[in-house]
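K.L.:
Residue numbers (our numbering): 222 to 426.
In this text, a Cβ means the ideal position worked out from N, Cα and C, and glycines have one as well.
If you're wondering where the values come from, they're calculated on a predicted model, not measured in any experiment.
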Ligand code: SF4
């Protein structure tokens, strides 16, 4: 499968400390997408499932890991691989939050692999990003996206998380720069470029 990044602990996309997995590849090209660097799959991101699971073990075995988030890119563009990943992860936690640009109706009528993924997902946030509908709604980039509690017992936990405060951003220092995680505001790219410019840093195209 094509995996662009793994981060821990992600604390701004769902309750608790979460293992975050970003799958590469999304031909949807939503205007204003905050992860456009993950639109293309890349050869160097290819990793077999058993190799990935081995790498993830130190995080999966941690007593303080509260859940998992799988995003991208759009994970459902690798539906068969996503299903196998979900199947491998579900024994570690029920709280697996997945983001996709597909709508739930499309997944429900989609390929067998797409439908099978729903068996192991705890919470699904669906729909493409629509910049005009980016209004700060909890956990979602835009208001057209919906939250589905596929494991209903998770609902109270997520509602408490959302009631605790607005969306936040968390920055991770990685080998080749900074990865900014979370639900970004509509103008975040301009605001970031302006803040950087004031500090003498020019962010290129
Ligand atoms: S579906 Fe998600 S990753 Fe794909 S272009 Fe839209 S916002 Fe970006």
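Output yes or no for whether 9 Å exceeds the beta carbon distance between residue 248 and residue 240.
P.N.:
Not closer than 9 Å, so no.
K.L.:
Could you tell me the alpha carbon to alpha carbon distance between residue 242 and residue 346, rounded to whole angstroms?
P.N.:
Roughly 15 Å between the two C-alpha positions.
K.L.:
State buried or exposed for residue 296, treating a residue as buried only when at least 16 other CB atoms are found within 10 Å of its CB.
P.N.:
Residue 296 is buried by the Cβ-count criterion.
K.L.:
Nearest by alpha-carbon distance to residue 251: which of 407, 423, 416 and 422 is it?
P.N.:
Selected option, being the one with the closest Cα: 407.
K.L.:
Where does residue 257 fall in DSSP's three states?
P.N.:
Reduced to three states, the DSSP call for residue 257 is helix.
K.L.:
Could you tell me whether the stretch 304 to 316 touches the stretch 253 to 260, where touching means 3 or more Cβ pairs closer than 8 Å?
P.N.:
No: fewer than three Cβ pairs fall under 8 Å.
K.L.:
Could you spell out the range, first to last residue, of the beta strand (DSSP E) harbouring residue 320?
P.N.:
That run of the beta strand (DSSP E) goes 317 to 320.
K.L.:
How far does the beta strand (DSSP E) with residue 239 in it extend, from its first residue to its last?
P.N.:
Element bounds for residue 239: 239 to 244.
K.L.:
Three or more C-beta pairs closer than 8 Å, one from the stretch 311 to 330 and one from the stretch 260 to 269: is that the case here?
P.N.:
The stretch 311 to 330 is not in contact with the stretch 260 to 269.
K.L.:
Starting from the C-beta of residue 381, find all residues in its chain whose C-beta is less than 8 Å away, skip the five residues before and the five after it, and write them out in chain order.
P.N.:
Closer than 8 Å at Cβ, skipping near neighbours: 236.
K.L.:
What I want to know is whether the C-beta of residue 247 ends up closer than 8 Å to one or more non-hydrogen atoms of ligand 1.
P.N.:
Result yes, Cβ under 8 Å from ligand 1.
K.L.:
Going by DSSP, what residues sit across from residue 394 in a beta bridge?
P.N.:
For residue 394, which the question treats as bridged, DSSP gives the partners 399.
K.L.:
When the Cα of residue 338 is compared with those of 415, 299 and 396, which residue comes out closest?
P.N.:
Nearest C-alpha to residue 338: 299.
K.L.:
Taking the C-alpha atoms as reference points, what is the distance between residue 430 and residue 344?
P.N.:
Only positions 222 to 426 of the chain appear in this structure, which leaves residue 430 out of reach.
K.L.:
So what does residue 367 bridge to, in DSSP terms?
P.N.:
According to DSSP, which records beta bridges pairwise, residue 367 is partnered with 347.
K.L.:
Would you say residue 358 touches ligand 1, meaning its beta carbon is less than 8 Å from a heavy atom?
P.N.:
No, the Cβ of residue 358 stays beyond 8 Å of every heavy atom of ligand 1.
K.L.:
Rounded to a whole number of angstroms, what is the C-alpha to C-alpha distance between residue 232 and residue 289?
P.N.:
Rounded to the nearest angstrom, the two C-alpha atoms are 11 Å apart.
K.L.:
Taking Cβ to Cβ, would you say residue 328 is nearer than 9 Å to residue 361?
P.N.:
Result no, Cβ atoms of residue 328 and residue 361 do not sit closer than 9 Å.
K.L.:
Check residue 229 in the structure and name its three-state DSSP category.
P.N.:
Strand at residue 229.
K.L.:
How would you write the range of the beta strand (DSSP E) that residue 288 sits in, first residue to last?
P.N.:
288 to 293 is the extent of the beta strand (DSSP E) around residue 288.
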